[in-house]
Amino acid sequence: HCLLMRSKQKVLVMSGDSVAHNTHTKPTRNSEFNKTISANERTGVELVYSKAETKPIGVVCDYHSWMKAYHLPLDHSFAAITDENGKFEIKGLPAGTHQLRVWHERGDFIERGFKVTVKADASESVTIKAPASKFQ
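For the sequence shown, the working numbering assigns the number 146 to the initial residue and increments by one for each residue that follows.
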């Protein structure tokens, strides 16, 4: 329920459900998006974030309060969403020292200054640990 995209990239909001939904975002740096998505909408309703955001944007369905997702428009491609085991890969990261930010929906930014050094033409494996209290 998280989606990374580039700023200015076209995203088509679709639905395969037999009932209508709405997609409602309240970004910080972009215009609000609040559109009804018809039942079985397969053509898609266009959504474009013109600017990068500094943290994920909550996406809700005002018709179904339990539905929530997140979008993160960025001006670069160096981001990842973890898999079910918490693993991730960021391809093409240039050589050098980079600062990672780790975000989780329950604890906001878990880590803001995790540094990793990548060597030219090499893969780097790192472990990021956080106490359970950060996820509450």
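Think of the CB as a built atom: it goes at the ideal place given N, C-alpha and C, for glycine as much as any other residue.
Residue range of the unbroken beta strand (DSSP E) whose run includes residue i
{"i": "G203", "result": "I202 to V205"}
{"i": "I182", "result": "F178 to I182"}
{"i": "A214", "result": "K213 to L219"}
{"i": "L157", "result": "K155 to V158"}
{"i": "H249", "result": "G241 to H249"}
Own chain, CB closer than 7 Å to residue i, minus 5 neighbours either side, in chain order
{"i": "H249", "result": "I255 and F280"}
Three-way DSSP call (helix, strand, coil) for residue i in this model
{"i": "K171", "result": "coil"}
{"i": "F280", "result": "helix"}
{"i": "M150", "result": "strand"}
{"i": "R187", "result": "coil"}
{"i": "E234", "result": "coil"}
{"i": "E256", "result": "strand"}
{"i": "V164", "result": "coil"}
{"i": "V271", "result": "coil"}
Cβ shell of residue i (< 8 Å), same chain only, five flanking positions each side left out
{"i": "G189", "result": "L157, V158 and M159"}
{"i": "E177", "result": "H169, T170 and K171"}
Sub-8 Å separation of residue i and residue j beta-carbons
{"i": "S195", "j": "S152", "result": "yes"}
{"i": "V247", "j": "I226", "result": "no"}
{"i": "T170", "j": "I202", "result": "yes"}
Chain-order list of residues whose beta-carbon lies under 6 Å from that of residue i (same chain, five-residue window excluded)
{"i": "L148", "result": "H216"}
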